[in-house]
Every structure is written in structure tokens, then in C-alpha cells.
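Visitor: Below you will find the structure I want to go over with you.
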Amino acid sequence: MSDLRGGLIGCGFFSINHLHGWRDVEGASIVALCDRDAKRLAIAGDQFDIGQRYSDAEEMLIKERLDFVDIATTVSSHRCLVEMAARHQVAVICQKPFAPSMQDASAMVTVCEGAGVPLMVHENFRWQSAIQTLSAIVNNGEIGAPFWGRVSFRSAYDVFSGQPYLATGERFIIEDLGIHILDIARFLFGDVAGVTARTRRVNPAIRGEDVATVLLDHENGVTSIVDCSYATRLAVEPFPETLIEVDGSEGSVRLNQGYELVVTTKGGVRRRDVSPPLLPWASRPWHNIQESVQAIQQHWVDCLRADREPATSGRDNVKTLALVEAAYASARTHEKVALGAL
Ligand code: NAD
Ligand code: 89V
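Numbers in our numbering are just positions in the sequence shown, counted from 1, shifted up by 134.
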């Protein structure tokens with residue numbers, strides 16, 4: 135079977151990880167690039183030796199024979215580009231945050247479904263190998279039935295120098311980073327019935343909130359806490375590790391800083407190093423995110439070839455986006471938000 139042909143739209147900061155990932159994914163390759171910024175287009179094209187370059191996405195979709203597009207632009211352009219791809223009957227991967235509103239998210243899902251076009255959101259954090267290993271333990275029954283969890287990301291890392299737009303939006307940590315952490319909570323503990331949240335802005339140099347604490351009532355009775363901060367200075371900077379705690383009826387599992395996995399049951403305590411692989415093109419400390427980019431890309435190709443819905447399809451991701459909206463609503467009103475109420 136010949137490789138699937140992809141076109142990448144958006145050659146900015148994070149797209150370089152996409153392009154490295156695509157080079158090593160089996161069954162697909164990027165044959166064309168698009169960016170409105172000529173300089174960024176040239177840098178990415180030269181670095182990855184991709185000659186077909188466009189400043190206009192529609193022109194790329196008309197002139198190239200593509201099986202999918204990989205949209206790595208920021209959120210404001212997603213709806214226009216996703217709907218454009220659907221019009222051209224081309225399957226779509228779209229970066230997170232998928233949409234600035236539930237309305238836009240639902241519209242994109244409806245348009246792609248109507249066109250019969252597969253749609254996946256690039257929600258990569260759950261694809262980190264340490265998180266996949268922890269999830270397998272939660273699901274294999276070793277710690278019994280989970281009843282409580284915490285998914286935590288606390289850091290003082292300067293994300294603003296690589297992604298300056300993060301400092302200027304009215305919304306920051308829940309929409310940009312919390313979205314990944316909320317998605318991990320959904321991945322581990324299932325869908326959510328109610329959300330209670332509190333937010334703070336500690337850094338006076340940015341516009342949005344940089345601290346968020348969210349309490350989730352999962353439909354199956356599990357209670358979990360999702361907490362995120364970019365205002366937390368620690369002895370050893372954990373960026374960009376997600377730390378996880380799960381308590382079950384028969385034991386517990388912890389993903390501690392430094393990628394230490396600890397499973398405790400009546401039978402004893404088992405410790406394991408679940409450090410991510412350092413892919414040949416990766417650089418610390420980003421290597422856990424970088425491996426998850428390649429893993430989600432491989433998942434997409436495998437799903438597309440097998441005609442299966444990806445784990446983080448547009449339809450699935452709308453439920454994660456609903457948690458983002460519910461968290462902001464709860465932080466605003468200080469009331470619990472029921473998911474059906476959105
Ligand atoms: P960026 O601003 O550095 O790059 C975006 C690029 O898209 C720019 O070069 C811009 O010119 C181009 N662009 C915008 N609209 C376009 C259009 N209509 N047609 C063609 N080109 C267009 O942004 P970034 O930091 O690379 O982030 C991109 C997305 O990736 C964001 O949504 C961000 O949240 C997400 N991101 C995800 C992760 C992750 O782990 N999943 C990490 C970082 C960033
Ligand atoms: O996911 C993101 O968009 C990034 C980072 C991984 C740094 O949080 O902002």
C-alpha cells in the first residue's frame with residue numbers, strides 16, 4: 135500500500151515537531167506545506183526538503199492530491215481550514231484547542247460528518263508512553279475499581295518565549311494546557327457529569343489565568359482533581375511532566391516527577407522507571423511531548439487505513455472542550471456546572 139499523502143498547514147513553532155514526527159511515521163508522508171508567512175514556509179520547507187509550498191491553503195487543496203491535511207495553526211483559523219478541507223473531501227487532523235467555542239466545535243464535527251471526512255484533534259498528551267502505561271494499569275484491574283484521581287501540571291517554565299500568543303489571550307491556562315490535563319482525566323476516569331473550578335492570575339505580565347484547580351464528578355462516580363499552574367516554582371522544574379495519582383479499591387498508582395511509576399497493592403510496592411524514549415530528533419525537556427506527537431500521528435494513519443474512528447476524534451474532543459467551557463463558567467460563577475447545562 136502506498137503512503138498516505140499529507141499537507142501541513144501552519145509552519146510555526148510547534149509544526150517542527152509535527153514534521154519530525156511525520157518523517158518517522160509508517161504509512162504516510164507530508165508532500166506539501168502551507169503558511170501565509172513566507173519566511174516560516176521557507177524555513178520548514180528547506181529543513182524537511184519539501185518542495186511543494188503554498189501561501190494559500192485552498193490552492194494547496196486544489197493543486198495537490200492529498201489524503202489528509204494536518205492543521206497546525208492557532209485556534210482562530212481552525213474552523214475555516216477544517217471546513218475547507220471537508221469541502222475538498224480531504225481528511226483532517228486539527229491541533230488543539232480545536233475551537234474557541236462549543237458552537238464552532240460542533241459545526242466542524244457536523245460538516246466533516248456530512249462530508250464523510252475523518253476528523254481527529256491533535257490531543258497528544260494522553261499518547262505519552264508513561265500515561266499509556268499508567269492507563270493500562272488502571273484498566274487491568276490491579277488496583278481494583280478507581281474511586282479518586284488527581285492529574286496535575288505545575289511549573290514555572292517560560293512558555294511565553296516560544297508561544298508569545300499565550301500571554302495575550304483573555305483565556306490562558308485552562309484553554310491551552312488544562313485542555314490536555316482535562317483530556318487525560320477523561321481518558322483515565324471516563325466522561326464527566328459536573329465541574330467546579332477556581333482560577334487565579336499570579337503573573338502580572340500576562341492577560342489570562344495562570345493557575346486553575348478543577349474538581350470533576352465523573353459519570354461513574356469517580357472524583358478527580360485537575361490542577362494546573364505556570365506560577366509554581368519548584369526545587370526541580372518538572373516541565374512538561376504531568377503527574378498522576380489514582381486510588382482504587384485494591385491499591386493505588388502514582389506517576390511521580392522524574393517518570394517514576396509506583397504501584398501499591400496488598401502484594402507490595404512496585405517501582406518502575408517509565409521515562410519516555412528520547413527520539414533521535416527530540417530535545418529535553420520536550421521529549422515526552424515529542425514522542426506523543428509521533429504516537430498520535432501513527433494512530434491517525436493506522437485509523438485512516440483501517441477506517442476506524444481515532445481515539446481523539448472531533449466527536450470525542452467536543453467532550454473535552456465542554457470541560458474547558460464548564461471550568462471557565464464555574465470559575466466565573468463559583469457554582470458547580472452540570473455538563474448537560476452547556
Ligand atoms: P505559531 O503561531 O508559531 O504558528 C502558527 C502558524 O500558522 C504561523 O506560522 C501562521 O503564519 C500560520 N497560519 C495561521 N493561519 C494560517 C492560515 N489560514 N493559512 C496558512 N497558515 C496559517 O503557533 P504554534 O505555537 O506553532 O501553535 C500552533 C497550534 O499548536 C496552536 O493551536 C497551539 O495551541 C498548538 N500547540 C500544541 C501543542 C501540543 O502539545 N499539542 C504544543 C504547542 C502548541
Ligand atoms: O500544548 C501546548 O499548546 C503548549 C504546551 C505544551 C507548552 O503547554 O502550550
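C-beta atoms are modelled at their ideal positions from N, C-alpha and C, and glycine is treated no differently.
In whole angstroms, what separates the C-alpha of R404 from that of L473?
Guide: Position 270 of the sequence shown, counted from the first residue, corresponds to residue 404. Position 339 of the sequence shown, counted from the first residue, corresponds to residue 473. Computed Cα separation, rounded: 37 Å.
Visitor: Looking only at its chain, what residues have a beta carbon closer than 7 Å to the beta carbon of S149, apart from the 5 residues adjacent to it on each side?
Guide: Taking the first residue of the sequence shown as position 1, residue 149 is located at position 15. Answer for S149: L142, A178, A206, listed in chain order.
Visitor: Got a sec, what are the start and stop residues for the beta strand (DSSP E) I277 sits in?
Guide: To locate residue 277, count along the sequence shown from 1; it is residue 143. Taken as a continuous stretch (DSSP letters only), I277 belongs to no beta strand (DSSP E), as it is neither H nor E.
Visitor: Quick one: what's got a C-beta closer than 7 Å to E192's C-beta in the same chain, skipping five residues either side?
Guide: Locating residue 192 in the sequence shown gives position 58, counting from the first residue. Same-chain partners within the cutoff: M218.
Visitor: Looking at the secondary structure, which residues open and close the alpha helix (DSSP H) in which Y462 lies?
Guide: As a working note, residue 462 is residue 328 in the sequence shown. Element bounds for Y462: 448-467.
Visitor: Smallest Cα separation from S263: which of G342, I196, G355, V408?
Guide: Reading the sequence shown from its first residue, position 129 is the one you call residue 263. Per the Cα distances, V408.
Visitor: Please identify the residue among Y291, Q428, N258, N151 whose C-alpha is closest to the C-alpha of A116.
Guide: This structure does not reach residue 116, given that the chain is present from 135 up to 476, and the question cannot be answered.
Visitor: Have a look at the DSSP bridge pairing and note the partners of F287.
Guide: Numbered from its first residue, the sequence shown carries residue 287 at position 153. Answer by DSSP bridge pairing, in chain order: C362.
Visitor: Is DSSP giving L300 helix, strand or coil here?
Guide: By 1-based counting over the sequence shown, the position of residue 300 is 166. DSSP places L300 in helix when its eight states are reduced to three.
Visitor: Tell me the rounded alpha-carbon separation between M254 and V435.
Guide: As a position in the sequence shown, residue 254 is number 120, starting the count at 1. As a position in the sequence shown, residue 435 is number 301, starting the count at 1. Taking the straight line joining both Cα atoms gives about 11 Å.
Visitor: Taking only the alpha-carbon atoms, compute the straight-line gap between R288 and L311 and give it to the nearest angstrom.
Guide: In the sequence shown, the residue the question calls residue 288 occupies position 154. In the sequence shown, the residue the question calls residue 311 occupies position 177. One C-alpha to the other measures close to 11 Å.
Visitor: For D201 versus A225, is the C-beta distance shorter than 8 Å?
Guide: One-based indexing of the sequence shown puts residue 201 at position 67. One-based indexing of the sequence shown puts residue 225 at position 91. Yes. Within cutoff.
Visitor: Given A416, which residues of its chain have a CB within under 6 Å of its CB, disregarding the five upstream and five downstream residues?
Guide: To locate residue 416, count along the sequence shown from 1; it is residue 282. Result list for A416: Q424, in chain order.
Visitor: Please go through the segment 389-445 and give each complete alpha helix (DSSP H) segment of 4 or more residues, from N-terminal end onward.
Guide: Qualifying alpha helix (DSSP H) stretches, in chain order: 421-440.
Visitor: So, at 6 Å on beta carbons, what are the nonlocal neighbours of V209 in its own chain, with the 5 sequence-adjacent residues on each side left out?
Guide: Translated into the one-based positions of the sequence shown, residue 209 becomes position 75. Around V209: P231, P234.
Visitor: Mark D441 as exposed unless 16 or more other C-beta atoms lie within 10 angstroms of its C-beta, in which case mark it buried.
Guide: For the purposes of this step, residue 441 is taken as the residue at position 307 of the sequence shown. Classification of D441: exposed, given that the 10 Å Cβ count is below 16.
Visitor: Could you say which of A445, A465, Y188 lies nearest to Q431 if we only look at CA atoms?
Guide: To locate residue 431, count along the sequence shown from 1; it is residue 297. Of the listed residues, the one whose Cα sits closest to Q431 is A445.
Visitor: Can you tell which of G392, V360, H154 has its C-alpha closest to the C-alpha of F373?
Guide: Against the sequence shown, residue 373 aligns to sequence position 239. Nearest of G392, V360, H154 to F373, Cα basis: G392.
Visitor: Can you list, in chain order, the residues of its chain whose CB lies under 7 Å from that of T399, leaving out five sequence neighbours each side?
Guide: Looking up residue 399 in the sequence shown gives position 265. So the qualifying residues of the chain are E276, I277, E384, G385.
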